[in-house]
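Undergrad:
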Amino acid sequence: MNHSRYRNHRTPWTLRELDFVEKHYGSMATVVIAERLGRSPASVRAAARSMGCSSGNKPIETWSDEEKEIVRVHYAKGYAHVMTLLPGRNRGTIQWMANRLGVVSARTWIREEEQILATWYPEEGVAVADRLSGRTADAVKLKACDMGIRYQGGESAGQRIWSEKERMLLARNDHLLLPDLLKLFPHRSRLSVKKARERLRRKKKMAGQRMAR
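Structure, rendered in structure tokens:
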């Protein structure tokens with residue numbers, strides 16, 4: 001088959017294209033859809049099958065509940081990560097399903113965020129997520145790996161995420177001197193406790209400023 005006539009043959013499917021296929025597949029001739037999108041009829045049929053569209057324009061449940069749950073849980077880490085968990089799904093259909101489920105993908109990192117990560121990740125590890133609004137510890141870890149930044153803290157415990165229980169204990173005892181505070185967290189390094197206290201006080205300050213407005 002000569003694919004040169006299809007202008008978008010080698011380009012990834014967009015959400016708009018997949019939505020078009022979902023809306024019109026079965027009610028519009030496949031060749032017409034293909035011409036509109038610059039795709040081959042075979043690729044249109046493959047996309048329709050992947051999304052679960054039948055030729056009668058009635059959806060076929062081809063996505064299992066387990067697959068959907070994987071998209072819900074892991075899509076925030078990016079479609080590439082989900083593709084490793086769902087090898088039978090391509091980028092376009094994963095994005096399409098995420099859109100159907102109302103799941104938001106990881107947003108693009110801006111330069112300022114990358115600078116914060118480069119500055120603080122070697123010292124704080126995934127705890128730097130507290131400095132980055134809307135970023136999870138997993139997102140921070142993946143981005144640090146992508147940028148080639150390594151955690152260089154004194155203890156492996158320093159990279160462990162603070163639990164809600166630990167945060168509450170810290171908040172109740174924030175008035176203590178650091179040496180006394182350290183006794184409450186025997187499995188945390190001095191640096192880890194110090195940084196956690198700084199984050200706590202910074203959040204308190206920001207909350208106070210919002211209430212004062």
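For the sequence shown, counting from 1, position 68 maps to 68 in the numbering used here; every step adds exactly one.
Just so it is clear, CB atoms sit at the ideal spot from N, CA and C, and this is done for glycine as well.
Bear in mind the structure is a predicted one, so any value in this text is a computation, not a measurement.
Which residue from K194, Y25 and K183 puts its Cα closest to that of M51?
TA: Taking the first residue of the sequence shown as position 1, residue 51 is located at position 51. For M51, the nearest C-alpha among the options comes from Y25.
Undergrad: May I ask you to verify whether the segment 119–127 touches the segment 71–79, counting CB pairs closer than 8 Å and requiring at least 3?
TA: no
Undergrad: Do I94 and L214 count as a contact pair if the criterion is CB distance below 8 Å?
TA: Not covered by the structure: residue 214. The range shown for the chain is 1 to 213.
Undergrad: Could you name the residues that DSSP lists as bridge partners for C145?
TA: By 1-based counting over the sequence shown, the position of residue 145 is 145. Looking at the DSSP assignment, C145 forms no beta bridge with any residue, so it has no partner.
Undergrad: Within the continuous alpha helix (DSSP H) that includes K68, where are the two ends?
TA: By one-based count along the sequence shown, residue 68 stands at place 68. K68 -> alpha helix (DSSP H) spans D65 to H74.
Undergrad: Check this for me: beta carbons of D174 and L191, under 8 Å apart or not?
TA: As a working mapping, residue 174 is identified with position 174 in the sequence shown. As a working mapping, residue 191 is identified with position 191 in the sequence shown. D174 is not a Cβ neighbour of L191, given a cutoff of 8 Å.
Undergrad: Whole angstroms are fine: how far does the CA of V73 sit from the CA of R49?
TA: Position 49 of the sequence shown holds residue 49. Position 73 of the sequence shown holds residue 73. About 24 Å.
Undergrad: Are the CB atoms of R39 and N90 nearer to each other than 8 Å?
TA: The sequence position of residue 39 within the sequence shown is 39, counting from 1. The sequence position of residue 90 within the sequence shown is 90, counting from 1. The answer is no: Cβ separation not under 8 Å.
Undergrad: What did DSSP end up calling Y151 once you bin it into helix, strand or coil?
TA: Against the sequence shown, residue 151 aligns to sequence position 151. Three-state DSSP puts Y151 in coil, outside helix and strand.
Undergrad: What did DSSP end up calling K203 once you bin it into helix, strand or coil?
TA: On the sequence shown, position 203 is the one that residue 203 refers to. Residue state, collapsed to three classes: helix.
Undergrad: Look at the alpha carbon of I41 and the alpha carbon of T30, and state the distance between them as a whole number of angstroms.
TA: The count along the sequence shown starts at 1 and reaches residue 41 at position 41. The count along the sequence shown starts at 1 and reaches residue 30 at position 30. One point to set straight first is that residue 41 is Pro, not Ile, in the sequence displayed. P41 and T30: Cα-Cα distance of roughly 6 Å.
Undergrad: Could you tell me if K143 is buried or exposed, where buried requires 16 or more neighbouring beta carbons within 10 angstroms of its beta carbon?
TA: As a working mapping, residue 143 is identified with position 143 in the sequence shown. So K143 counts as buried.
Undergrad: For a quick check, are the C-beta atoms of C53 and E17 less than 8 Å apart?
TA: Here residue 53 corresponds to residue number 53 of the sequence shown, with the count starting at 1. Here residue 17 corresponds to residue number 17 of the sequence shown, with the count starting at 1. No, they are not a contact pair.
Undergrad: Going by alpha carbons, who is nearest to R111 out of M147, G92 and K195?
TA: As a working mapping, residue 111 is identified with position 111 in the sequence shown. Per the Cα distances, M147.
Undergrad: Where does the unbroken alpha helix (DSSP H) through P12 begin, and where does it stop?
TA: Counted from its first residue, the sequence shown places residue 12 at position 12. No alpha helix (DSSP H) holds P12; DSSP gives it neither H nor E.
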